[in-house]
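Below is one structure, written out as structure tokens; the observations come after it.
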Amino acid sequence: MSEPITRRRVLVGMAAMTVAAAITPTLAAPAHAAASSQPLSLPPLRIPKLDMGVEQQPDEKVRWLQDAKIGMFIHWGVYSGPAKGEWYMENAAVTPENYRKYVTDATGEQFTASAYDPADWAQLAKDMGAKYTVLTTRHHDGFALWPSTHPNAWHAGQAPLQKDFIGQYVTAVRNAGLKVGLYFSPLSWRYPGYYDVRGTNCLPNAWGYTTDPAHKENARIMKNEVYQQVRELVTQYGKIDDIWWDGGWLGQHGTDADAAFFWEPGQFRDTANEWPVDAAYSETDPATGKPLGLTGLVRKHQPDAVTTLRSGWIGDFASEEGPSVPSGAIRTGKVAEKCFTIGGAWGYKAGSSVMSFGTAMNILVNAWVRNMTCLVNVGPDRTGTVPGDQQALVRRIGSFLTTCGEAVYGTRGGPWNPVDGKYGYTYKDKTFYVHLLPGYSGTSFTTPQIGDATVTRVFDVAS
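Take the sequence shown: its letter number 313 is residue 1015 in the numbering used here, and every next letter is one higher.
Here you go:
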């Protein structure tokens, strides 16, 4: 911040919007409560790292995500039918055969998609102020929201749905001027081999599967399905901006990286791997002829896409998940995203209460002042309708951003570290913004020393 600062702006956020009236008039006067944060040195450069033969995307390809600051996550699938959350199949140990009935049987729990209109979802995302959306193309139950050609796939192209929900979604999102994100989980509870990839040591599971040598081939078929379906997603739907991997671990044990020996998420696959991908479902690198791993496949067809780290590869951006409020120092030297759901689960869960506006804003603002973007999840019901209370909350967030978005969009966290629960900063060009949190009790506010810079004007950005 060595150049003159042309403006200093104050943003009073959260549910306590009325604090602005008490604070704003005193800002230009001598302050009684001075901020004690120390000025930061220049933030560490983000240097793309090489992992498994693939280098992270350069700054120019991840900048849009840093600038966006907010996106809308959408968890929707067969689990929306029973309305008990996206982990219902595993939590209740529902067999694959019985779980299929939530698609085929005409009951009050049938996944019908009868009100599915992704243009409504896209508009809701815009109403929230989102710049991108991410839809669960396939969750851990293994159901694909598009017609898949793998012979063992369970997908929306089959009766009675016979739909391509992903095709409609990407068209609607692009038409709304938003970036397109696709979530994909390689694990599938439909396969016993997921818990016993070597057929020699079956991990604990809800269905009581035990060690069986046949599980090794079962796991290989699961892997084949994954490669075919990822290829379909990155080749059939135009430009994809964000591939949101999840569920790269095996048997829900260890880490995603621990399972890299099986999924082979890097640039290339090993021709001697114990679980080879059949030629019909694989692709090779045009230059070397080597078989492509998952990230190699993505980069071949979607060279500009950014990806999460949950495939086992290092990923282009870090992910912090859950409703905990971000704390500590600014996230520097990397791109970081905070994702959380505003409902009682990620997928639709009947009777669950929605997060309060104050709680949501506490998460959002504490993320923004720490240089993070946020992915806010909604869970449409079995018809495709986002519950009214979730819609109301995201629109209220959007109203906040309509008024105060200048202090959020395109900014970075800093130039000083935040003070947990009290205040933090964002900046853009020669302007910095102060975000006062509910824990701040002062009636005035003074920023730390700004060196040779000159403050020429102070006012409430919400005025």
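From the three backbone atoms N, C-alpha and C, an ideal C-beta is built for every residue, glycine too.
6 Å Cβ shell around residue i - same chain, five flanking residues per side excluded
i     : result
V979  : N926, Y929
Y801  : M791
A1038 : A1020, M1074
F867  : L847, A858
D1154 : none
T1010 : W946, W947, G1017, S1021
G1112 : D769, K1130
L1043 : Checking the sequence, you will find Thr at residue 1043 rather than Leu. Closer than 6 Å at Cβ, skipping near neighbours: N1079.
Strand pairing of residue i, partner residues [DSSP]
i     : result
R1114 : Y1129
K925  : DSSP lists no partner for K925.
N1079 : F775, T1043
S881  : Per the sequence presented here, residue 881 reads as Lys, with Ser not at that position. In the DSSP output, where bridge partners are listed per residue, K881 has Y834.
H955  : L952
F886  : R840, W947
H852  : Note: H852 sits in no beta bridge, so no partner.
V1121 : Y1125
Cβ neighbours of residue i in the same chain (closer than 7 Å, five flanking residues each side left out)
i     : result
A733  : Reliability of the predicted coordinates at A733 is poor, the pLDDT of 30 falling under 50, and the value obtained from them is presented with this limitation in mind. So the list reads S1146, F1147, T1148, once near-sequence residues are dropped.
V1071 : G1115, P1120, G1126, Y1127, T1128, H1137
A795  : A908, W909
Y1142 : K1124, Y1125
Y804  : V780, G783, P784, E811, Q812, F813
As assigned by DSSP and simplified to three states, the class of residue i
i     : result
I942  : coil
E1039 : strand
A908  : coil
K918  : helix
L847  : coil
F813  : coil
Y897  : helix
Y1135 : strand
A1155 : coil
T726  : Per-residue confidence for T726 stands at a pLDDT of 30, beneath the threshold of 50, marking its modelled position as unreliable; the derived number appears in the next sentence. Note: T726 maps to helix in three-state DSSP.
N903  : coil
A731  : Caution applies to A731, whose pLDDT of 28 falls short of 50 and renders its modelled position unreliable; the value that the coordinates give is listed next. Coil.
Own chain partners of residue i with C-beta closer than 8 Å, once the 5 adjacent residues on each side are dropped
i    : result
H857 : F845, A846, L847, W848, P849, S850
T728 : Only weak support is given to the placement of T728: the predicted model assigns it a pLDDT of 29, under 50, and the value that follows is read from those uncertain coordinates. Once the five neighbours on either side are set aside, the close Cβ partners of T728 are T1145, S1146.
L999 : Y929, V932, R933, V936, E985
K751 : E757, Q758, I1016
Reference residue i; option with closest CA among the options
i     : options                   : result
A770  : T814, K828, P993, P1082   : K828
G1049 : Q860, H777, E985          : H777
R971  : K992, A1052, T957, F775   : K992
I923  : E799, E811, P853, A989    : P853
T1061 : V1096, T1087, E966        : V1096
A981  : M1063, R933, A961, R892   : R933
W1015 : R748, L747, V756, I749    : V756
N975  : A961, Q768, P988          : A961
V1170 : V1078, P1089, L1103, A855 : Past the edges of the chain, shown from 703 to 1165, lies residue 1170, and the structure says nothing about it.
Y1059 : Q1093, T973, G953, W823   : It should be pointed out that residue 1059 corresponds to Phe in this sequence rather than to Tyr. Of the candidates Q1093, T973, G953, W823, the one whose C-alpha sits nearest the C-alpha of F1059 is Q1093.
V1088 : E811, R765, Q825          : Q825
D822  : S890, V872, E811          : V872
C1076 : D1083, N1068, R900        : N1068
F964  : N920, Q938, I942, Y939    : N920
A861  : D807, W891, T902, G901    : D807
A1007 : G956, W1118, P906, L884   : L884
F952  : H1003, Y911, P888, D943   : Looking at the sequence shown, residue 952 is not Phe but Leu. Selected option, being the one with the closest Cα: P888.
Q969  : A855, T1034, G1100, T990  : T990
Q938  : Q1004, P894, L880         : Q1004
P1140 : S1054, Q1151, D1122       : D1122
P1082 : R765, E788, D753          : E788
H842  : A1052, Y896, A874, R748   : Y896
Cβ of residue i within 9 Å of any chain C Cβ
i    : result
L994 : Among the chains of the structure shown, chain C does not appear; only one protein chain is present.
### Query
Where are the beta strand (DSSP E) runs, 3 residues long or more, that stay fully inside the stretch 751-803, in chain order?
Segments of the beta strand (DSSP E) lying fully in the stretch 751-803: 772-776.
### Query
Can you list, in chain order, the stretches of the alpha helix (DSSP H) that have 4 or more residues and sit fully within the stretch 970-1025?
Here the runs fully enclosed are 996-1003.
### Task
Scan the stretch 1047-1076 and note each continuous alpha helix (DSSP H) run of 4 residues or more that stays entirely inside, going in chain order.
1059-1070, all fully within the stretch 1047-1076.
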